[in-house]
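To keep things clear, I will list the structure first and then write my remarks on it.
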Amino acid sequence: MKKLLLAASLLVLGAQAKAALFINNNTNCTLNMTIFAFDPTHTGCWGLQSNLIVLGPNSSVSYNSVATLNTTSPFWFGGATASTAGGAGTWGWNAGKFFFTSGGGASVGLTSCGLTQSVTVPNVCGSSSVVTWQPLGNNIIIEAN
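Right, here's the structure in full:
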């Protein structure tokens, strides 16, 4: 049911947001993550890096565009400012580097950035968790299960 509601939300938001990022932590462990993106000024796979996102067990967070982190915590590392000038073809999300508190970690993202779209890692709240990077239209879902 939770996934059905998420899918419905994405379809509604999709008309308003041109490349939103949704991060869902469906585990009983705290998920620590840094996200990476690019824009016209910060090009390439690792152009922009966020400060640390700490996502509690069974919780989620979303960002409408790369510019959202200009004014919303955790903000971009080093005080960088992202731009959405030129439309969704000139900016986007490309990776998530994560680790579970007292557990394993890895990265997921665009295969063009040398990353996998799914990885299984150990955590202290169970035997392991699967973290996936899933494009859905112009949006991206990062999900830990």
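If you use this note's numbering, the sequence shown corresponds to residues -6 to 138, in order.
Glycine is no exception: its CB is placed at the ideal position from the N, C-alpha and C atoms.
Open item on the list: Quick check: what's the CA-CA separation for Phe92 versus Thr65?
Closed with: 22 Å
- [ ] Assess, as a yes-or-no matter, whether the stretch 74 to 82 is touched by the stretch 17 to 25 under the definition of 3 or more beta carbon pairs within less than 8 Å.
- [x] no
Task: Leu45, buried or exposed, once every other Cβ within 10 Å from all chains shown has been counted against 16 - done: exposed
TODO: State the Cα-Cα distance for the pair Val112 and Ala99, rounded to the nearest angstrom.
DONE: 7 Å
Open item on the list: When you compare the CB positions of Trp86 and Ile28, do they come within less than 9 Å of one another, or not?
Closed with: yes
- [ ] Could you spell out where the beta strand (DSSP E) holding Asn132 opens and where it closes?
- [x] 132 to 137
TODO: Taking Val114 as part of the beta strand (DSSP E), name the residues at either end of that continuous run.
DONE: 111 to 116
TODO: Could you say which of Trp126, Thr36, Asn17 lies nearest to Ser55 if we only look at CA atoms?
DONE: Asn17
Open item on the list: Only counting the same chain, and skipping five residues up and downstream in sequence, which positions put a Cβ closer than 8 Å to that of Lys(-4)?
Closed with: Residue confidence for Lys(-4) is low, a pLDDT of 48 falling below 50, so the modelled location carries little weight; the figure read from the coordinates is stated next. Correct list: empty, nothing qualifies.
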